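S.K.: Just passing along the structure, written as structure tokens.
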Amino acid sequence: MTILEDLKILKNEEVAKNYMMMEIKSENIARKAVPGQFVHISLNEKVNGNKNITNDPLLRRPFSIHDVDVERGIVKILYKVVGKGTFLLSRKRANDVLSIMGPLGNGFAIKKDIAKAAIVAGGIGVAPMYFLLKALLKNGVEVDFYLGALSKSELLLLDEISSLGANLHIATDDGSMGKKGRVIDLLYKNLKTVDVTYTCGSKLMMREVVKIALAKGIPVQVSMEEKMACGIGACLSCVCKVKNNEHFEYKRVCAEGPVFDGKSVMMV
Amino acid sequence: MKNEKLKPCLKVNIGGIGMNNPVMTASGTFGFGIEYSQFIDINQLGAIVVKGVTLKPKEGNPTPRIVETPAGMLNSIGLQNPGVDYVINNYVPYFKKLKTKVIVNISGDSTLDYALVAKKLTDAGGISGIEVNISCPNVKRGGMAFGASAKSAFEVTEAVKDATDLPVIVKLSPNVTDIAEIAKAVEAAGADAVSLINTLTGMAIDINAKKPVLGNVVGGLSGPTVKPVAVYAVWRVYKAVDIPIIGMGGISSAEDALEFILAGARAVAIGTANFVNPKTAIEVIEGIERYLKSHEISDINELVGKAHVF
């Protein structure tokens, strides 16, 4: 059962320029969520406290779950302020209430028998990978974490990832930290034999990650993003192409995804 | 509340489909119903209209398929659906278990397609009506092409009527010179009801990429932004035909729904608002009931077209 509730914001603070960390109170979502799933948040305001809403911006916005604290019943969302929805969200404060639906979609598959994994995240794509990293480490998996961003100021969670015990590999486009260049070049040179690769970032980046991993015979799971409306598989807006024999079919990012097998998803 | 004890009657009859209340869901916004059953009791709705079905499976349009607009959205899904046989095998058993009335929206590339789909669904049982989509702006063939002229609208309606004994609702496009003329044509062809409006054709352009945003170039505008256009269409059609009207287009509250009813709609459908708040339809039913009580109206049918005082 998906939760659809008005939930209270506990915290909503800037962690880097244009990047925000929000904490929401929800025992149910915290308990149910798995890495790779998302929540669907409405930015509508209620008019005069009744059920009618402002209707602008109209649609809910999907956000991947960054982390959960099951004991304290907290769900964390790490997001970048890019447009109208995220701008309005960034102005919400502690004790404000949001209509939230979730957890939604299928998360990353973590097979029992894996010993080593690689995570490749670009920019804000790091958001769901932190939750995944924690789950992998808890299962005793050794993780190489490849993190790329435009520059040092947009490299998030460096201390958190290192202190959890992942092997961190950093690349920045401007060379302000780590290897200068693209994270995929870093991955190409360094990707060892691991049991699985997980990736979240731009389509451009993920397409290269899939190529590199598959060339080494490593399975790869990708987290897809498309413009979304309902979030529950009804409207068929957020589809992506998935190979089906010689042809393809459109699969719903919200329902069959957002995590897909890199071998079959077509990132065009 | 002036009369606490008044229990207003919300029952309506749409061309032979008896509904417990006038609130339905609009095709394409409610999947096959089951997707929303995790949030609401579907059996409380007057009827559900499920996703448009075609004879053969349809892949749908390339992405992006939607773009948000001020208080609205453009969509160009392109009638992606698994085909009528799949729907009969996989969803009709679920429809048969529902207490609410299930109406299936159908589309086709030809008049014959429409008739075949209607026949297959009728034979399968478990549904209470057929909604004929002659107004989808997002497919190259069929869809809106049938709804653009009174002659083709008449022909497809007549073909579906011949293929089924279920009530036939024809869904009309606002993208015509005179929607009332099309409504009259489908009424003459035997339509049991009309539903309006489908989406308004529109587009958005990405100024950096210097190309259309939608994969299909054009899409259909829906959401609160289209409501005044829709209310006026219902107003016009109410003056033109005697068959019941299902009003839709931007309804997100009971107040919105009541505007449509006063303009002449006997039932209303919730569309885009389902994406925003899956409980909208239930809240609209409750709000209509509250309104009837506070205005001391014992029967919703008394309100239909009541704004036509001029």
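Protein chains in written order, with the numbering used here: chain A, 1 to 268; chain B, 1 to 310. Backbone N, C-alpha and C define an ideal beta-carbon position, used for all residues, glycine too. None of these values were measured; they are calculated from a predicted model.
1. Beta-carbon of B:P70 versus every beta-carbon of chain A: anything under 8 Å?
2. Tell me, please, whether the segment 76-83 of chain B touches the segment 68-88 of chain A by the rule of three or more beta-carbon pairs shorter than 8 Å.
3. In chain B, what lies closer than 8 Å to A:V239 by C-beta?
4. Closest to B:D113 by CA distance: which of B:D162, B:K101, B:N90 and B:D41 is it?
5. Quick check: what's the CA-CA separation for B:V156 versus A:R252?
6. Hey, does B:Y291 have any beta-carbon neighbour from chain A nearer than 8 Å?
7. Closer than 6 Å by C-beta to B:I197: which residues in its own chain qualify, once you throw out the five before and the five after it? Chain order, please.
8. 8 Å is my cut-off, CB to CB: does A:M266 come that close to chain B?
9. Determine the contact status of B:A240 and B:V284, defining contact as a CB-CB distance below 8 Å.
10. Please name the residue, chosen from A:A213, A:L132, A:V259 and A:L155, that lies closest to A:D174 on a Cα-to-Cα basis.
11. What does B:Q38 reach in chain A if we use C-beta pairs closer than 8 Å?
12. Going by CA-CA distance only, name the one from A:P35, A:N55 and A:K8 that's closest to B:I251.
13. Output yes or no for whether 8 Å exceeds the beta carbon distance between A:A171 and A:G201.
14. Just the Cα atoms here: how many angstroms apart are B:I270 and B:M24?
15. To which residues of the same chain is A:S153 closer than 7 Å at the C-beta, ignoring the five residues directly before and after it?
16. Per the DSSP calculation, B:D206 is bridged to which residue(s)?
17. Tell me which residues of the segment 43-55 of chain A have at least one Cβ-Cβ distance to chain B shorter than 8 Å, keeping chain order.
18. From the DSSP output, which residues share a beta bridge with A:D69?
19. If I measure Cβ to Cβ from B:G190 and keep anything under 6 Å in the same chain, skipping five residues before and after, which residues do I get?
20. With DSSP as the reference, label A:Y79 as helix, strand or coil.
21. Check the Cβ-Cβ distances between A:Y270 and every residue of chain B, and say whether any is below 8 Å.
22. Given this structure, state the Cα-to-Cα distance separating B:L121 from A:C254, to the nearest angstrom.
23. Quick one: using the 10 Å Cβ neighbour count with 16 as the cut-off for buried, is A:N244 buried or exposed?
24. Tell me which residues of the segment 251-283 of chain B have at least one Cβ-Cβ distance to chain A shorter than 8 Å, keeping chain order.
25. Going by DSSP in three states, B:M1 sits in which element: helix, strand or coil?
26. Using the C-alpha atoms, what's the distance from A:V194 back to A:I218?
27. Which chain B residues are close to A:E256, counting only those with a beta carbon under 7 Å from its beta carbon?
28. So, do the segment 117-125 of chain A and the segment 136-151 of chain A have three or more beta carbon pairs nearer to each other than 8 Å?
29. With H, G and I counted as helix, E and B as strand and the rest as coil, what does DSSP make of B:S328?
30. May I ask which residues mark the beginning and end of the beta strand (DSSP E) holding B:G247?
31. Contact between the segment 78-86 of chain A and the segment 18-30 of chain A: three or more CB pairs below 8 Å?
32. Please list the partners that B:N208 has in chain A, where partner means a Cβ-to-Cβ separation under 7 Å.
33. Could you spell out the range, first to last residue, of the alpha helix (DSSP H) harbouring B:I103?
34. If you count every other CB in all the chains shown that lies within 10 Å of the CB of B:R266, and 16 or more means buried, which is it?
35. Could you work out which residues of chain A lie near B:P224, taking near to mean beta carbons separated by less than 9 Å?
36. Under 7 Å from any heavy atom of the ligand FMN, does the C-beta of B:V104 make it?
M.R.: So, from the listed chains and residues:
1. Here residue 70 of chain B corresponds to residue number 70 of the second sequence, with the count starting at 1. Interface residue, yes.
2. no
3. Sequence index remark: in the first sequence, residue 239 of chain A carries index 239 (1-based). What A:V239 touches in chain B: G60, T63, R65 and Q80.
4. Locating residue 113 of chain B in the second sequence gives position 113, where the first residue counts as 1. Selected option, being the one with the closest Cα: B:D162.
5. As a position in the second sequence, residue 156 of chain B is number 156, starting the count at 1. As a position in the first sequence, residue 252 of chain A is number 252, starting the count at 1. Between B:V156 and A:R252, the C-alpha separation is close to 32 Å.
6. As a first step, residue 291 of chain B is located in the second sequence; it is residue number 291 there, counting from the start. No, because no Cβ of chain A sits closer than 8 Å to the Cβ of B:Y291.
7. Counting from one through the second sequence, the residue named residue 197 of chain B turns up at place 197. Result list for B:I197: P174, A230, A233 and G249, in chain order.
8. As a position in the first sequence, residue 266 of chain A is number 266, starting the count at 1. So no, A:M266 is outside the interface.
9. Along the second sequence, one-based indexing puts residue 240 of chain B at 240. Along the second sequence, one-based indexing puts residue 284 of chain B at 284. No, these two residues do not count as a Cβ contact at 8 Å.
10. Locating residue 174 of chain A in the first sequence gives position 174, counting from the first residue. Here the closest residue by C-alpha is A:L155.
11. The sequence position of residue 38 of chain B within the second sequence is 38, counting from 1. What B:Q38 touches in chain A: M1, T2 and I232.
12. Indexing the second sequence from 1 puts residue 251 of chain B at position 251. Cα-wise, what sits closest to B:I251 is A:N55.
13. Stepping through the first sequence from its first residue, residue 171 of chain A is reached at position 171. Stepping through the first sequence from its first residue, residue 201 of chain A is reached at position 201. Against a cut-off of 8 Å, the Cβ pair of A:G201 and A:A171 comes out as no contact.
14. On the second sequence, position 270 is the one that residue 270 of chain B refers to. On the second sequence, position 24 is the one that residue 24 of chain B refers to. So the two alpha carbons sit approximately 6 Å from each other.
15. Taking the first sequence and counting its residues from 1, the one referred to as residue 153 of chain A is at position 153. Taken in chain order, the residues that qualify are A16 and K17.
16. Working through the second sequence from its first residue, we reach residue 206 of chain B at position 206. B:K211.
17. N44, K51, N52, I53 and N55
18. Within the first sequence, the letter at position 69 stands for residue 69 of chain A. DSSP lists A:I74 as partners of A:D69.
19. Here residue 190 of chain B refers to the residue found at position 190 when the second sequence is read from its first residue. Result list for B:G190: K161, in chain order.
20. Counting from 1 along the first sequence, the entry for residue 79 of chain A is found at position 79. Looking at A:Y79 - three-state DSSP - the assignment turns out to be strand.
21. Since the first residue of chain A shown is 1 and the last is 268, residue 270 of chain A is not available in this structure.
22. Locating residue 121 of chain B in the second sequence gives position 121, where the first residue counts as 1. Locating residue 254 of chain A in the first sequence gives position 254, where the first residue counts as 1. Rounded to the nearest angstrom, the two C-alpha atoms are 29 Å apart.
23. Along the first sequence, read from residue 1 onward, the residue named residue 244 of chain A stands at position 244. Exposed is the call here.
24. S252, S253, E255, T272, N274, F275, V276, N277, P278, K279 and E283
25. In the second sequence, counting from the first residue as 1, residue 1 of chain B sits at position 1. Unreliable placement is indicated for B:M1, whose pLDDT of 49 sits below 50; the coordinate value is still reported in the next sentence. Coil.
26. In the first sequence, counting from the first residue as 1, residue 218 of chain A sits at position 218. In the first sequence, counting from the first residue as 1, residue 194 of chain A sits at position 194. Looking at the two C-alpha atoms, the distance is approximately 7 Å.
27. Translated into positions along the first sequence, residue 256 of chain A becomes position 256. Those do not exist, as A:E256 stays about 13 Å from chain B at its closest Cβ, beyond 7 Å.
28. yes
29. The question about residue 328 of chain B has no answer here: the residues shown for chain B are numbered 1 through 310.
30. Against the second sequence, residue 247 of chain B aligns to sequence position 247. B:G247 -> beta strand (DSSP E) spans I245 to M248.
31. yes
32. By 1-based counting over the second sequence, the position of residue 208 of chain B is 208. Going along chain A, no residue has its Cβ under 7 Å from B:N208, so there is no contact; the nearest lies around 14 Å.
33. Position 103 of the second sequence, counting from 1, holds the residue named residue 103 of chain B. Not the alpha helix (DSSP H): B:I103 falls in the beta strand (DSSP E), residues K101 to I106.
34. For the purposes of this step, residue 266 of chain B is taken as residue 266 along the second sequence, with counting starting at 1. By the neighbour-count rule (16 or more Cβ atoms within 10 Å), B:R266 is buried.
35. Position 224 of the second sequence holds residue 224 of chain B. Here the neighbours are N55, D56 and L58.
36. No copy of the ligand FMN appears in this structure; indeed no ligand is present at all.
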